[in-house]
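First the structure, in the form of structure tokens, and then the observations on it.
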Amino acid sequence: MNKARSFICAANWKMNLSFAETHSFLQKISKQIEERLEKINKSVVSDKVVKNKALDQKLKSPFCIFPQAVQASLFKGISNLNWGAQDFYFESSGAFTGQNSPDLYKELGANIMLIGHSERRTLFNETNLNIAKKIGKCLEMDMIPMLCIGETIEDRKKNETLKVIEDQLKGALGKSLDVPETLIVAYEPVWAIGTGLTAKSEDVADVHKYIKSLLNQGTPILYGGSVKPENAKELSLVDNVDGFLIGGASLKVDSLLSIYDNACL
Ligand code: PGA
């Protein structure tokens, strides 16, 4: 049961779900999270399991949702899950047509922000410089930054996975890898995102071990890339996998909860 407290299941909804679907998703999941939190709170949690007290104090439960910006106001008042932007701008306000202010997210109760997702990097030219600024803004706003990193299939074929990962971390956190206490990292091999292909357990283990060796021991490292109820158990057992970032399989409450239950309970 202890693992159920610290194993993070984050849902990246991307550009999906209508208002009606979001509304019914939230109604349904809130009750189900309550049931799980009751069990978690009854269990004895040792300091060893909660490896990162600063983060533990900020997380409302093991569940996070990243909805589309226009859906954000539907999350106002939802108190038993963490939620926030799929992307945002690193200034609070001003002449930045088309951008979304982190301050408005905060005003609605958001507490966690996704930064540097591979779709932002490849489709929308997200740069390391912007990613670093967004992490800084997030911390200034007292929100949790969830940084996404991952190699392409070409990088993997060239045996450059670990180098790419290290470069992305340095690009986001500075050359000396200045790791914020509340940072969460999501390792998502680009070729595994939305393709149905998952990385082999040994490969996930190697990359997560390497990331851990570069960062603080208490920084959770999530795995992402075609996570679904069927592979959740196996992936959750890989060393240093502290949670999942889930796209397609997070759009239905039952599927998201099955992933969590299969991984932890
Ligand atoms: P997927 O997406 O689970 O659909 O592969 C993961 C992600 O993009 O975060």
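Note that the sequence shown covers residues 149 to 413 in our numbering. Glycine residues also receive a C-beta, built at the ideal position from the N, C-alpha and C atoms.
Problem set entry | Pairwise C-alpha distance: N278 and A320 | Position 172 of the sequence shown, counting from 1, holds the residue named residue 320. Position 130 of the sequence shown, counting from 1, holds the residue named residue 278. Using only the alpha carbons, I get a separation of about 8 Å.
Problem set entry | Cβ shell of L383 (< 8 Å), same chain only, five flanking positions each side left out | Within the sequence shown, numbered from 1, the residue matching residue 383 stands at position 235. Closer than 8 Å at Cβ, skipping near neighbours: T346, S349, V352, Y371, V375, V389, F392 and A411.
Problem set entry | Where I188 falls: helix, strand or coil (DSSP) | Within the sequence shown, numbered from 1, the residue matching residue 188 stands at position 40. I188 falls in the helix class under three-state DSSP.
Problem set entry | Counted within 10 angstroms of its Cβ, other Cβ atoms place I301 as buried (16 or more) or exposed | Taking the first residue of the sequence shown as 1, we reach residue 301 at position 153. Flag for I301 reads exposed.
Exercise. Comparing the CB of G372 with every heavy atom of the ligand PGA, is any distance shorter than 6 Å?
Worked result: Within the sequence shown, numbered from 1, the residue matching residue 372 stands at position 224. For the ligand PGA, a non-hydrogen atom lies closer than 6 Å to the CB of G372.
For this session: Helix, strand or coil for A250, going by three-state DSSP, please let me know.
Result: Along the sequence shown, read from residue 1 onward, the residue named residue 250 stands at position 102. The identity of residue 250 in the sequence shown is Pro, whereas the question assumes Ala. Note: P250 maps to helix in three-state DSSP.
Problem set entry | Of the residues I292, T170, K306 and S154, the one placed nearest Q216, counting alpha carbons only | By 1-based counting over the sequence shown, the position of residue 216 is 68. Of I292, T170, K306 and S154, the smallest CA-CA separation from Q216 is found for T170.
Exercise. What's the gap between the Cα of D195 and the Cα of I283?
Worked result: Residue 195 sits at position 47 when you count from the first residue of the sequence shown. Residue 283 sits at position 135 when you count from the first residue of the sequence shown. Only weak support exists for where D195 lies, its pLDDT of 49 falling under 50; the coordinates are left without a value.
Problem set entry | Buried/exposed call for L385, threshold 16 Cβ in 10 Å | Numbered from 1 along the sequence shown, position 237 holds the residue referred to as residue 385. The Cβ neighbour count for L385, taken over all protein chains shown within 10 Å, is under 16; the residue is labelled exposed.
Problem set entry | N160 Cβ short of 6 Å to the ligand PGA heavy atom set | Residue numbering aside, residue 160 sits at position 12 when the sequence shown is read from its first letter. Indeed, a heavy atom of the ligand PGA lies less than 6 Å from the Cβ.
For this session: Identify every residue that forms a DSSP beta bridge with C231.
Result: In the sequence shown, the residue the question calls residue 231 occupies position 83. According to the sequence shown, residue 231 is Trp rather than Cys. BP columns for W231 point to I213.
Problem set entry | Inter-residue spacing [alpha-carbon to alpha-carbon] between L317 and C212 | Within the sequence shown, the letter at position 169 stands for residue 317. Within the sequence shown, the letter at position 64 stands for residue 212. Taking the straight line joining both Cα atoms gives about 22 Å.
Problem set entry | Unbroken alpha helix (DSSP H) run spanning I279, endpoints | Mapped onto the sequence shown, residue 279 falls at position 131. Segment N276 to E288, the alpha helix (DSSP H) holding I279.
Exercise. In whole angstroms, what separates the C-alpha of L363 from that of N276?
Worked result: By one-based count along the sequence shown, residue 363 stands at place 215. By one-based count along the sequence shown, residue 276 stands at place 128. When the Cα atoms are used, L363 and N276 turn out to be separated by approximately 18 Å.
For this session: Consider the C-beta atom of I341 and the heavy atoms of the ligand PGA; say whether any pair is separated by less than 6 Å.
Result: Numbered from its first residue, the sequence shown carries residue 341 at position 193. Taking 6 Å as the cut-off, one finds at least one heavy atom of the ligand PGA near enough to the beta carbon of I341.
Problem set entry | Stretch-stretch touch, CB-based, cutoff 8 Å, three pairs: the segment 167-187 with the segment 281-298 | These segments do not touch.
Exercise. Can you tell me whether Q175 is buried or exposed, with buried defined as 16 or more other CB within 10 angstroms of its CB?
Worked result: Taking the first residue of the sequence shown as position 1, residue 175 is located at position 27. Q175 is exposed by the Cβ-count criterion.
Problem set entry | Beta-carbon contacts of G373 that lie in its chain and below 7 Å, excluding the five residues immediately before and after | Mapped onto the sequence shown, residue 373 falls at position 225. Its chain contains E336, P337, A340, I341, T346 and A347 as the residues whose beta carbon lies nearer than 7 Å to that of G373, once the 5 sequence neighbours on both sides are disregarded; these appear in chain order.
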